[in-house]
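Notes follow once the structure below has been shown.
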Amino acid sequence: MAQTVSGFNLPSLASGDRLHRILASALDRPREEETLDLTHKLYWPAEYFGLNQVTIFQQASAVEQATILAIANRDLLTEIYWVEQAGIGYMTKMSLLAETREERILYSLFAADEAQHLCQIEQFFQQKPEFNQDSFLSFMGQLLEADDKALLLTMVQVVLEGWGLSHYRSLAHHCRDNHLQATLQGFLDAEARHHAAGVQQLQTWPYEQQSLDNIYQALREFLHMVQVGPQRLVKAIEQGKGYLSSGNRRQIFEELKTEEHSQQKLNLLRSLMNHGVPSEIVIRLEGQQCFLPYSAEQCVL
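So the sequence shown is numbered by this note's numbering: it starts at 3 and just counts up by one.
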């Protein structure tokens, strides 16, 4: 894996390395932190994922249900971890691309925000996760290698950080653990600043045609991931329950009300694009029906 900006392939320091002490000091963290009890921790209930509506889940054994729910919880938490990891690299890259002193200072501060968030979310893992080639995270990792600043500002700060604000609010609201809930809520002010900075910078941006094409292609790929519904959740069900036929998958997507929920997400993304995405790109995406969700049958890939 050649990606370097995302940091997905960076190794961790050995546990006894002296830099850990300096890092703890920089984070204003006591050397011997209180260890969180992470044993069998489920931060989000079945209802949050809509699993209570899924017949196959409801008819599964208690062990199978626990397995599915544990995987779904782990997937959510792991995604947050890698997104914040990528955020450090992105903000560092943007500080190097800065065209004024103030912009460089701002992105350096933003990089510190992301570093703080990553270290805060790390506390909820018994061991650091391994990168698993998730399709969304792989997309993000490839995106961050781009040299097109307009593309980066649009995709990361306008679209993904704007999306992230809504996502983190929802995760915090439904979280059953007070510590994680407070941690996620603590992310929101910084994420709002990151989003606003991207929107402001793009208001007077002198787009070149290549940038417009790049943004269109990236948005089309991202919107497709939303159109196809909660593929990762269905995969979690299959991991816990065993092989699912095409009919089983279609039933699950139907019971999850995939078309309805995907439409809500696509509507949110469409509204975010009103601020920071050139209208000609949005019109082009609409012409390709990129803001319409797939049916349950279409989601069975």
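Note that beta-carbon positions come from the ideal geometry of N, C-alpha and C, so glycine has one too.
It should be emphasised that the depicted structure is a prediction, and the values quoted were computed from it without experimental measurement.
Cβ pair His197, Glu163 closer than 8 angstroms: On the sequence shown, residue 197 is found 195 positions in, with the first residue counted as 1. On the sequence shown, residue 163 is found 161 positions in, with the first residue counted as 1. Taking 8 angstroms as the Cβ cut-off, His197 and Glu163 qualify as a contacting pair.
Which of helix, strand or coil DSSP assigns to Tyr109: Residue 109 sits at position 107 when you count from the first residue of the sequence shown. Helix, per DSSP.
CB of Glu256 within 8 angstroms of CB of Ala298, strictly: Translated into positions along the sequence shown, residue 256 becomes position 254. Translated into positions along the sequence shown, residue 298 becomes position 296. For Glu256 and Ala298, yes; Cβs fall inside 8 angstroms.
Cβ neighbours of Gln187 in the same chain (closer than 6 angstroms, five flanking residues each side left out): The residue you call residue 187 lines up with position 185 of the sequence shown. Counting only Cβ-Cβ distances below 6 angstroms, and skipping sequence neighbours, we find Ala174.
Whole alpha helix (DSSP H) elements within the region 234-297, 4-residue minimum: 248-257, 260-274, 281-289
Cβ contact check for the region 108-120 and the region 87-100: 3 or more pairs under 8 angstroms: yes
Beta-carbon proximity check, Thr185 vs Gln122, cutoff 8 angstroms: For the purposes of this step, residue 185 is taken as residue 183 along the sequence shown, with counting starting at 1. For the purposes of this step, residue 122 is taken as residue 120 along the sequence shown, with counting starting at 1. Yes, these two residues count as a Cβ contact at 8 angstroms.
Whole-angstrom C-beta distance between Pro280 and Tyr209, which should lie under 8 angstroms: Looking up residue 209 in the sequence shown gives position 207. Looking up residue 280 in the sequence shown gives position 278. Going by Cβ atoms, the distance from Tyr209 to Pro280 rounds to 6 angstroms, so yes, they are a contact pair.
Three-pair Cβ contact test at 8 angstroms for the region 236-252 versus the region 73-91: yes
Through-space distance from Tyr218 to Tyr109, alpha-carbon basis: In the sequence shown, the residue the question calls residue 109 occupies position 107. In the sequence shown, the residue the question calls residue 218 occupies position 216. So the two alpha carbons sit approximately 25 angstroms from each other.
Three-state class that DSSP yields for Ser14 in the structure shown: Locating residue 14 in the sequence shown gives position 12, counting from the first residue. Ser14: coil per DSSP, three-state reduction.
Pairwise C-alpha distance: Arg103 and Pro232: Within the sequence shown, numbered from 1, the residue matching residue 232 stands at position 230. Within the sequence shown, numbered from 1, the residue matching residue 103 stands at position 101. Going from the Cα of Pro232 to the Cα of Arg103 covers about 42 angstroms.
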